[in-house]
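Residues 90 to 393 (this note's numbering) are what the sequence shown spells out, left to right. Even glycine gets a Cβ: it sits at the ideal position worked out from N, Cα and C. Following: one structure in structure tokens, then a few remarks.
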Amino acid sequence: MNNKAAQLAAQHYEKTLDAADVSRIDFFMNLWAALDDADAAGETAAGYEVPPVERVAALSEAEIPVFTNTPVAIDAAALSRGMNAVIARAAELGGFDEEMTAALTSAKWNEIVAASDIALAGKNPAEYLAAFAEQLVADGMTEVQAQMGQLFASLVLRWQLEGPAEAVARARKKAKVFFDHQMHCPACGGDAALARVGEGGSGDGRNKSLWCPQCGTSWEFDRIRCPRCGTRNQGHLHYYNIEGDEGHRIATCDECGSYIRTRFAGEGDNAPYSPEVEDVVMARLDAVAMDPSFAGGTAERTGE
Ligand SMILES: [Zn+2]
Ligand SMILES: [Zn+2]
90 MNNKAAQLAA
100 QHYEKTLDAA
110 DVSRIDFFMN
120 LWAALDDADA
130 AGETAAGYEV
140 PPVERVAALS
150 EAEIPVFTNT
160 PVAIDAAALS
170 RGMNAVIARA
180 AELGGFDEEM
190 TAALTSAKWN
200 EIVAASDIAL
210 AGKNPAEYLA
220 AFAEQLVADG
230 MTEVQAQMGQ
240 LFASLVLRWQ
250 LEGPAEAVAR
260 ARKKAKVFFD
270 HQMHCPACGG
280 DAALARVGEG
290 GSGDGRNKSL
300 WCPQCGTSWE
310 FDRIRCPRCG
320 TRNQGHLHYY
330 NIEGDEGHRI
340 ATCDECGSYI
350 RTRFAGEGDN
360 APYSPEVEDV
370 VMARLDAVAM
380 DPSFAGGTAE
390 RTGE
């Protein structure tokens with residue numbers, strides 16, 4: 090990931106966010122640093138051969154994730170090394186209660202990773218991680234502990250997937266691929282965690298892009314379309330913001346009942362942007378969106 094951008098964004102938010110948000114960003118910055126220190130990326134990216142440009146374009150058009158077609162060879166040693174490093178750092182920072190700490194730090198990640206279907210991790214990360222969590226429960230963890238283990242595994246896997254994902258993005262750029270309706274990540278097939286509306290896309294003016302937290306890919310998407318169900322019915326798509334914060338919005342869809350957190354960069358807004366930091370900052374929007382009273386309360390409906 091782009092550490093420089095994350096640092097700039099974190100510095101920017103230090104001045105505007107409350108102490109709890111600032112310390113949450115700090116916590117994640119620490120975890121990311123631990124993964125860099127442990128060389129969780131390994132040599133995976135160097136060994137990845139992205140398919141030819143025309144093939145990448147054809148896969149994108151058919152909405153087949155490139156990794157499904159040409160998997161990444163995941164380095165099991167780097168994955169377990171990353172798990173040990175990131176969990177040790179999180180425990181050091183006091184991120185969990187005692188029971189969670191005991192469950193996660195005593196787990197034998199080398200053995201757990203060795204027993205997992207590592208080939209699937211580079212082909213369909215979401216499916217791999219679901220199976221990973223099931224395995225943790227079968228090994229004796231509670232559901233909540235297994236979910237936490239799965240979150241860490243997802244973060245650690247990201248370190249190996251992002252290099253190959255960047256190669257895919259370069260190939261898509263070369264092929265001038267622009268299909269504005271891809272609801273899943275064109276590289277790994279993951280779901281978008283957030284959207285960004287602002288300047289800086291392939292066309293003129295303002296564009297929307299989606300971001301996949303699993304491999305770090307951003308891709309352009311239709312401005313007026315639900316990224317979960319694909320509807321283009323503008324009357325069913327709304328934006329809400331919280332307490333007048335126009336920059337962070339919840340985009341909802343009446344048709345499928347889903348939402349996506351959206352960073353709105355206003356005109357001339359050149360605040361540093363890091364999707365990873367936004368993901369942490371906008372975690373609080375999830376709490377609002379899940380609240381049964383949402384759509385009234387403190388949320389304001391806005392235009393666009
Ligand atoms: Zn992805
Ligand atoms: Zn929808």
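In the three-state reduction of the DSSP assignment, TYR348 falls in the strand class, which pools E and B.
The C-beta distance from THR157 to GLY278 rounds to 6 Å, short enough to fall under 8 Å. Of the other Cβ atoms in all chains shown, fewer than 16 fall within 10 Å of the Cβ of GLN100; this residue is therefore exposed. For VAL369, no beta strand (DSSP E) encloses it; the enclosing alpha helix (DSSP H) starts and ends at 364–370.
The three-state reading of DSSP puts LEU283 in strand, counting E and B together.
Ligand 1 never approaches GLN271 closely enough for any of its heavy atoms to be under 7 Å from the residue's Cβ.
With respect to ARG352, GLY333 sits apart: the two C-beta atoms are not nearer than 8 Å.
Under the three-state reduction of DSSP output, TYR328 falls in the strand class.
A check of alpha carbon separations from THR341 across LEU124, PRO316, SER363 identifies PRO316 as the nearest. If the five residues before and after ASN296 are omitted, its C-beta is found closer than 8 Å to the C-beta atoms of VAL286, GLY287, GLU288, GLY289, GLY290, GLU309, ARG312, all from its own chain and listed in chain order. If you look at LEU120, you'll find it in the alpha helix (DSSP H) that goes 108–126.
Membership of SER205 in any alpha helix (DSSP H) is not indicated, and neither H nor E is assigned to it by DSSP. In terms of Cα proximity to THR194, the closest of GLU181, PHE185, VAL226, ILE176 is ILE176. Distance from the CA atom of THR231 to the CA atom of ALA192, rounded to whole angstroms, is 9 Å. Burial check for ASN322: the Cβ neighbour count within 10 Å stays below 16, so the residue is exposed. Distance check between LYS93 and each of VAL370, ASP375, PRO364 places PRO364 closest, using alpha-carbon atoms only. In the DSSP assignment, PHE221 falls within the alpha helix (DSSP H) that extends over 214–227. Less than 8 Å divides the Cβ of ALA220 from the Cβ of SER205. Beta-bridge pairing by DSSP links ASN296 to GLY287. Taking 8 Å as the cut-off, the beta carbon of PRO275 is found no closer than this to the beta carbon of LEU246. Sorted by position in the chain, CYS315, ARG317, CYS318, THR320, CYS342, GLU344, CYS345, SER347 make up the residues whose C-beta lies under 6 Å from a heavy atom of ligand 2. Within the same chain, and ignoring the five residues on either side of VAL111 in sequence, the residues whose Cβ sits closer than 6 Å to its Cβ are GLU103. DSSP, read as helix, strand or coil, puts THR341 in strand.
A straight line joining the alpha-carbon of CYS345 with that of GLU216 spans about 23 Å. Annotated as proximal: ALA134 and GLY252, with beta-carbon spacing under 8 Å.
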